[in-house]
Structure formats: C-alpha cells, structure tokens
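Colleague:
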Amino acid sequence: MAEQLSTIVELQQDLNELRAAEELLGGIPDWMQELHDEHSEQKAGIDALAAEVEEAAQANRTAETEISDLRDKVKHFQEQIGMVRNQREYGALLQEIDGAKQQISTFEDQAIAALETQEEASGRLEEEQESFKDLDSRYAVELEKWEAQKPDVAKKAEVLRSRIEVLRERVPPQILTHFERVMAYRDGQGLASIQEVVRGKGPKIWHCGACNYRVRPQAVVAIQTTGSIEMCDSCKRILYIEEEAG
Ligand SMILES: [Zn+2]
C-alpha cells in the first residue's frame, strides 16, 4: 500500500481508538457494567423507599397540624358556650363543635394510616439498606479500580491525539478534507475496505465493505499497484485493501 493510503488507514485506526477511549472515560468500562447496572437499580429502589417514608411522615405531620388547629377551635367554641344569648346561638355552637370533632376524627385516622405506612416503609428501607451494603462495598472496590485505571486511558487518549495530529499533517489537504467530511456524516468512518465477492468462475467482483456498492475493477487495480486514493462511487469513503491476516 502506498504511503498516503496507509497513513489514512492508520489515521482512521487512531481516530477509532481515540473515540473508544473518550467514550470509556465518559462512561463505565464493560467489566463493571453489570455491577454498575445492578447497583444503580438497587440504589434507585432505596431512594424510592426513602421518598415513600418521607412522604408518609409529611402526611402524618400535616394531619397532626390539622388536629391541633381543630382542637384549638373546639376549645374556643367551648369557651363561647357560657356567652351565648339564646337557644339558636347555642345550637349553632354545638353544631360547630360536632363538626370540628368529626374532622378531628377523620384527621386522626389519616395520621394513624400515615404513621403505619411510614413504619412499614421504614422497615422495608432498613432491610433494603442492609442487603445493599454488600453490593455497595463491592461496587466501591470496582469503582476505585476503575478510577485507578482512568489516568492510563486518559494518557492513551493524549498520545492518540498527538499521533493523529502528526498523521493529519502527512495527508494532502484536499484528501484530508474529503476524508474528514465523509467521516463527519458517516458516523466517524471515512474508510471502507474492499471485499472480494467469492463465487465460482468468471471475472472477480469487488464490493465496498461499508455500503456494499460494487467497486470498479480499475479502482482495485489502481489501489493494488500504485496505492492511489480511490473512493467508493456510492458512499464516497476512501477505499483500501485489508492486509492479509497473520
Ligand atoms: Zn461504499
């Protein structure tokens, strides 16, 4: 392969590796993904339970506040009983007192129900927290391991970035512009390998390894003999011939 083409192949490889390294740095490595998912799921469950406990506690406080306000009201009405001037006023006052007492009873039921919910959810929360401990500490160990690996990945990304700069300078600007433009709208892949279609007799047939479009035999020959820069007639990726494995 002529130098220009092999430089582009190398450039694409480095760009792919850099992308993988950057994705890794922004996420979770494969080896701890499963534990990470399990940890996140259990943690979300615990957070939801804690919210349930807090909500029930809030409902209990609200009901208790209402009860206390209503008791003040009843007390106030009872103080007024001695000041009523007639039967009608007396009747009205008694009605107010009965109404308030009924409301108190309703809020008392609510307060008890909220308290029961709170206790029940607290119990489950404690159980969940207890069983989460083991997973959480295993997760902490793996996270620490990953944190310790991160600088190496970051360093590798740094090395790749400077290598990419050197390689870019070695590619003629016009070709580089084309390559980078194709890369931009082809999910980062500006190159495609040529695939020979295996069949019986007859002349050989080649396809673009990325889009499957037929590659002209002249283009294949030109790449093989002079390493010239040829692009796929369909997807416009720069074509190359993969080195024989091994
Ligand atoms: Zn193609």
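Numbering (my numbering), first residue to last: 3 to 248. No residue lacks a Cβ here, since even glycine has one placed at the ideal position from N, Cα and C.
To the nearest angstrom, how far is it from the Cα of S236 to the Cα of Y215?
Modeller: C-alpha separation (whole angstroms): 6 Å.
Colleague: Could you tell me whether any non-hydrogen atom of ligand 1 is closer than 7 Å to the CB of A150?
Modeller: Checking every heavy atom of ligand 1 against the Cβ of A150, none is found closer than 7 Å.
Colleague: Within 10 angstroms of its Cβ, does I240 collect 16 or more other Cβ (buried), or is it exposed?
Modeller: Its Cβ being crowded by 16 or more others within 10 Å, I240 is buried.
Colleague: Would you decide whether G248 is buried or exposed? Buried here means 16 or more other CB atoms lie within 10 Å of its CB.
Modeller: Its pLDDT being 42, under 50, G248 is placed unreliably by the model, and the measurement read from it follows with that caveat. With fewer than 16 other Cβ atoms within 10 Å, it is exposed.
Colleague: For E110 and E54, what's the separation of their Cα atoms in angstroms?
Modeller: If I take the Cα positions, the gap works out to 20 Å.
Colleague: How is R188 classed by DSSP in three states: helix, strand or coil?
Modeller: The answer is coil: DSSP assigns R188 none of H, G, I, E or B.
Colleague: V86 by DSSP, collapsed to three states: which one?
Modeller: Note: V86 maps to coil in three-state DSSP.
Colleague: Give a yes or no on whether the C-beta atoms belonging to Y187 and V11 are separated by under 8 Å.
Modeller: In this structure, V11 does not lie closer than 8 Å to Y187 by Cβ.
Colleague: Mind pulling the alpha helix (DSSP H) runs of 4 or more residues that sit fully within the region 148-204?
Modeller: You should have 175-187.
Colleague: Which whole-angstrom value is the C-beta distance of A102 and L145, which I expect to be below 8 Å?
Modeller: Between L145 and A102 the Cβ distance is about 57 Å, and since that is not below 8 Å, they are no contact.
Colleague: Between Y215 and ligand 1, is there a pair consisting of the residue's CB and a ligand heavy atom that are separated by less than 7 Å?
Modeller: Yes, since a heavy atom of ligand 1 falls inside the 7 Å radius drawn around the Cβ of Y215.
Colleague: Is any heavy atom of ligand 1 found at a distance shorter than 7 Å from the C-beta of A221?
Modeller: False, no ligand heavy atom lies under 7 Å from that Cβ.
Colleague: Would you list the one or two residues that DSSP bridges to Y242?
Modeller: DSSP lists S195 as partners of Y242.
Colleague: Does DSSP classify R218 as helix, strand or coil?
Modeller: It is coil, neither helix nor strand.
Colleague: In whole angstroms, what separates the C-alpha of G93 from that of N62?
Modeller: When rounded, the distance between both Cα atoms is 33 Å.
Colleague: Return yes when the Cβ of I166 is within less than 8 Å of the Cβ of L7, no when it is not.
Modeller: Not a contact, by the Cβ cut-off of 8 Å.
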